[in-house]
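In what follows, a structure is listed as structure tokens, so that the remarks can point back to it.
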Amino acid sequence: MKIMVAVKHVVDYNIVPRVKQDGSDVEISGVKMGINPFDEIAVEEALRLKEKGIATEIVAVSIGAENSKDTLRHALAMGVDRAVLVQAEGKLQPLGVAKLLKAVAGREQPDLILLGKQAIDDDAGQAGQMLAALLGVGQGLFASEIKVNGNEIEVNREVDGGTETVALQLPAIVTADLRLNEPRFIKLPNMMMAKKKPIDVIAGTELGVDFASHLSLLNVAEPAPRKPGVIVNSVAELVEKLRIEKVLA
Amino acid sequence: MSVLILAEHDGQHIKQSTRQAVTAAAAWQQPIHLLVAGADVSAVAAEAATIAGVAKVIKVEAPHLVHLLAEDVAAAVQQIAGEYQVIVAAHSTLGKGVLPRVAALLDVGMVSDVVEIQAPATYVRPIYAGNILATVQSSDAVQVVTVRATSFEAAANGANAEITSAAAPAAFGKVRWVSEQRNLSDRPELATANVVISGGRSLGEQFNALLEPVAHKLNAAIGATRACVDAGFAPNDLQVGQTGTVVAPELYIAVGISGAMQHLAGIKDSKVIVAINHDPDAPIFKHADYGLVADLFKALPELNAALG
Ligand SMILES: Cc1cc2nc3c(=O)[nH]c(=O)nc-3n(C[C@H](O)[C@H](O)[C@H](O)COP(=O)(O)OP(=O)(O)OC[C@H]3O[C@@H](n4cnc5c(N)ncnc54)[C@H](O)[C@@H]3O)c2cc1C
Chain H
76 MKIMVAVKHV
86 VDYNIVPRVK
96 QDGSDVEISG
106 VKMGINPFDE
116 IAVEEALRLK
126 EKGIATEIVA
136 VSIGAENSKD
146 TLRHALAMGV
156 DRAVLVQAEG
166 KLQPLGVAKL
176 LKAVAGREQP
186 DLILLGKQAI
196 DDDAGQAGQM
206 LAALLGVGQG
216 LFASEIKVNG
226 NEIEVNREVD
236 GGTETVALQL
246 PAIVTADLRL
256 NEPRFIKLPN
266 MMMAKKKPID
276 VIAGTELGVD
286 FASHLSLLNV
296 AEPAPRKPGV
306 IVNSVAELVE
316 KLRIEKVLA
Chain P
1033 MSVLILAEHD
1043 GQHIKQSTRQ
1053 AVTAAAAWQQ
1063 PIHLLVAGAD
1073 VSAVAAEAAT
1083 IAGVAKVIKV
1093 EAPHLVHLLA
1103 EDVAAAVQQI
1113 AGEYQVIVAA
1123 HSTLGKGVLP
1133 RVAALLDVGM
1143 VSDVVEIQAP
1153 ATYVRPIYAG
1163 NILATVQSSD
1173 AVQVVTVRAT
1183 SFEAAANGAN
1193 AEITSAAAPA
1203 AFGKVRWVSE
1213 QRNLSDRPEL
1223 ATANVVISGG
1233 RSLGEQFNAL
1243 LEPVAHKLNA
1253 AIGATRACVD
1263 AGFAPNDLQV
1273 GQTGTVVAPE
1283 LYIAVGISGA
1293 MQHLAGIKDS
1303 KVIVAINHDP
1313 DAPIFKHADY
1323 GLVADLFKAL
1333 PELNAALG
């Protein structure tokens, strides 16, 4: 079985992003970036399927600018076999990303496509579902456990109010939730080795799809700060304050 | 042209989040239609028809819709999409699964998790775990939007809308529903509760024993941090935050929670936030209206006693 994993290069999850002075966008120049945490979980799951002898080849694909190569190198250092960068500058929306991924899937012919359930920058959570729709295949979203049985993949998914299990005919799309696994720690020699591995680069414009954005960003702002709080000295004082606030009977 | 809302239900009742989506959809000032899909949804459709602001309810019934797979629901939406300018759902498991599929099938973009509708194609939505609010404008002929339910009031009853039926498209067939595990609790639903009390991983095995009695007295829903869920002290559906449930209660009580931004993302719209933590430097205190520096293992039983 061949697996394709989509990975996005995003602002590191520990960074509190700031707005540019003119409010036109988020300031990301000079900010620490890395692989989207959910995509890292997706890569890890692919590697585990290979280690179990179920997958034979894993190709990581990133859509974005030149710096997305850092995230592809991260995936290579984790152990994926190949990396592909689809070069597309400027603002991309999930629909455009899904179209480009579909074009790459057409070349690669994977049996399973893994993605993170959302990217922690835009928090849109659309790409996997859109790709599944464009390919006409099933989607196993928010996976916390997967099992491959022959031509089917069983996905345990985290849903409102509990969990649900669905079985998808392959090829299929699965998006990773947090509890699917804990990604491995990358050893330094693997990181060094990954630097030497080739990354295939395809120009987005070569893939013959329209990935223009349908959404324009008018402005960004930080939410209004909360008024400073009060430290109370006892449970009794806390209860009294909450009664004054009328949030306690 | 009208607005189509994908209604959500549990087989018996319309979910609160659908009523909140109805309020959001009023922004378009167009007739609002509700699509109710399922195996047998007559009762749900009848309830939907009473929601103030709803002009029409469209039932799509078929045996294979007994468990709503996103692939099937998306096909049902797509088949009538041509009559609509706007397609809306709550940003819930169902909405997140179905609407991106619908958008892709219609070859339009989508706007997720909208907290404010400024104009018919201009929206405010949180990005970067709610650290930033982005205002975006869509150029698509059909607007496909999920809304953050807690940002809108729930529409009350007060209509008597027409109920019609549409045929269900054939089953998608490449996905089979296998099973589900509902974490049944007699506590109010997390996403809509008026009071939420959440615990972090420091509660350990005593998570339930410590929180339940207080939650009971406050008629509160119980929430948890990712670290707490990952450690197995609470089930997954209790996770509050960027990647869990977003809550906006009148009162949010965070017990033994450090205040990571991914957790804060899910609680920012709470009216009053209380933090109980033994570390006076815990980041959560910067975001709390009332803070108590105390050992939770003492403070929770005390709070329980104080509530009488
Ligand atoms: C991609 C991504 C998505 C994430 N999504 C979410 C999400 O949706 N929701 C979420 O919650 N997290 C999320 N996280 C995790 C988040 O970053 C934090 O790790 C998590 O919220 C911390 O949980 P915690 O507060 O229970 O644990 P900790 O950070 O370990 O904090 C424990 C706190 O308990 C206090 N404490 C310990 N003992 C006591 C005691 N006896 N009495 C009083 N206080 C005590 C400590 O002082 C400390 O402040 C996400 C992370 C990533 C990378």
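Line order of the protein sequences matches chains H and P. Just so we're aligned: the first sequence equals residues 76 to 324 in our numbering. Just so we're aligned: the second sequence equals residues 1033 to 1340 in our numbering. In this text, a Cβ means the ideal position worked out from N, Cα and C, and glycines have one as well.
Residues that residue i contacts on chain P, provided the C-beta gap is smaller than 7 Å
i, result
"Asp235(H)", "Ser1124, Thr1125 and Asp1269"
"Glu220(H)", "Correct list: empty, because the minimum Cβ distance to chain P is about 11 Å."
"Pro264(H)", "Per Cβ cutoff of 7 Å: no residues; Pro264(H) is ~29 Å from chain P at best."
C-alpha distance - residue i paired with residue j, whole-angstrom precision
i, j, result
"Thr1178(P)", "Tyr1155(P)", "11 Å"
"Asn89(H)", "Pro112(H)", "11 Å"
"Ala130(H)", "Lys321(H)", "58 Å"
"Ala158(H)", "Val134(H)", "6 Å"
"Leu250(H)", "Ser1197(P)", "Here the sequence assigns Thr to residue 250(H), which means Leu is not the residue at that position. Near 33 Å, if we compare the C-alpha coordinates of Ser1197(P) and Thr250(H)."
"Ala1173(P)", "Gln1117(P)", "7 Å"
"Ala202(H)", "Val295(H)", "22 Å"
"Lys271(H)", "Ile103(H)", "27 Å"
"Asp198(H)", "Phe1329(P)", "35 Å"
"Pro1220(P)", "Pro1281(P)", "12 Å"
"Gly1291(P)", "Thr1257(P)", "9 Å"
"Val364(H)", "Leu293(H)", "As displayed, chain H neither begins before 76 nor continues past 324, which places residue 364(H) out of reach and without an answer."
"Leu1131(P)", "Val1176(P)", "7 Å"
"Val1076(P)", "Gln1111(P)", "21 Å"
"Arg259(H)", "Arg1214(P)", "31 Å"
"Ser288(H)", "Gly1141(P)", "8 Å"
"Asn300(H)", "Leu1296(P)", "Note on residue identity: the sequence assigns Pro, not Asn, to residue 300(H). Answer to the nearest angstrom: the Cα atoms are 13 Å apart."
"Ile306(H)", "Val1304(P)", "14 Å"
DSSP state of residue i mapped onto helix, strand, coil
i, result
"Gln214(H)", "strand"
"Asp1262(P)", "helix"
"Asp275(H)", "strand"
"Met79(H)", "strand"
"Leu323(H)", "coil"
"Asn1268(P)", "helix"
"His1310(P)", "coil"
"Asn256(H)", "coil"
"Met40(H)", "With chain H running from 76 to 324 in the structure shown, residue 40(H) is simply not present."
"Glu1334(P)", "helix"
"Leu1296(P)", "helix"
"Val1035(P)", "strand"
"His84(H)", "strand"
"Gln1052(P)", "helix"
"Glu220(H)", "strand"
Contacts of residue i in chain H (Cβ-Cβ under 9 Å)
i, result
"Tyr1116(P)", "In chain order: nothing, as chain H lies at least about 17 Å away."
"Thr1257(P)", "Residues of chain H passing the Cβ test: none, with the nearest at roughly 12 Å."
Interface flag, residue i vs chain P, CB-CB below 9 Å
i, result
"Glu119(H)", "no"
"Phe260(H)", "no"
"Arg123(H)", "no"
"Met76(H)", "no"
"Gly203(H)", "yes"
"Gly304(H)", "yes"
"Lys316(H)", "yes"
"Ser143(H)", "no"
Where residue i meets chain H, residues with beta-carbon distance less than 7 Å
i, result
"Glu1334(P)", "Val310"
"Gly1145(P)", "Note that residue 1145(P) corresponds to Asp in the displayed sequence, not to Gly. Correct list: Asp198."
"Asn1309(P)", "Going along chain H, no residue has its Cβ under 7 Å from Asn1309(P), so there is no contact; the nearest lies around 11 Å."
Below-9 Å beta-carbon distance, residue i vs any chain H residue
i, result
"Leu1250(P)", "yes"
"Asn1215(P)", "yes"
"Asn1240(P)", "no"
"Leu1324(P)", "yes"
"Ala1331(P)", "yes"
"Arg1233(P)", "no"
"Pro1158(P)", "yes"
"Ile1164(P)", "yes"
Within chain P, the residues that residue i reaches when beta carbons sit closer than 9 Å
i, result
"Met108(H)", "Per Cβ cutoff of 9 Å: no residues; Met108(H) is ~13 Å from chain P at best."
"Arg301(H)", "Lys1300, Ile1305, Lys1318, His1319, Ala1320 and Asp1321"
"Ser291(H)", "Val1168, Gln1169, Ser1170 and Ser1171"
Contacts of residue i in chain H (Cβ-Cβ under 8 Å)
i, result
"Glu1194(P)", "Under the 8 Å cutoff, chain H gives no residues; its nearest Cβ is about 30 Å from Glu1194(P)."
"Gln1274(P)", "Ile195 and Asp198"
Interface partners of residue i on chain P, CB under 8 Å
i, result
"Gln96(H)", "Those within 8 Å of Gln96(H) in chain P number zero; the least Cβ separation is about 14 Å."
Residue i beta carbon near ligand 2 (any heavy atom closer than 8 Å)
i, result
"Arg1233(P)", "You won't find ligand 2 in this model; what it holds is ligand 1."
Can you list, in chain order, the stretches of the beta strand (DSSP E) that have 3 or more residues and sit fully within the region 1135-1175 of chain P? 1143-1146, 1148-1151, 1154-1159 and 1164-1170
Any beta strand (DSSP E) of 3 or more consecutive residues that is wholly inside the region 275-303 of chain H: 275-278 and 290-296
Note down, one range per segment and in chain order, each beta strand (DSSP E) of at least 3 residues found wholly within the region 1223-1251 of chain P. 1227-1231
Ignoring anything shorter than 3 residues or poking outside the region 111-167 of chain H, list the beta strand (DSSP E) runs there in chain order. 132-139 and 157-162
Starting from the N-terminal side, write out each stretch of the alpha helix (DSSP H) that is 4 residues or longer and does not extend beyond the region 1055-1093 of chain P. 1074-1080
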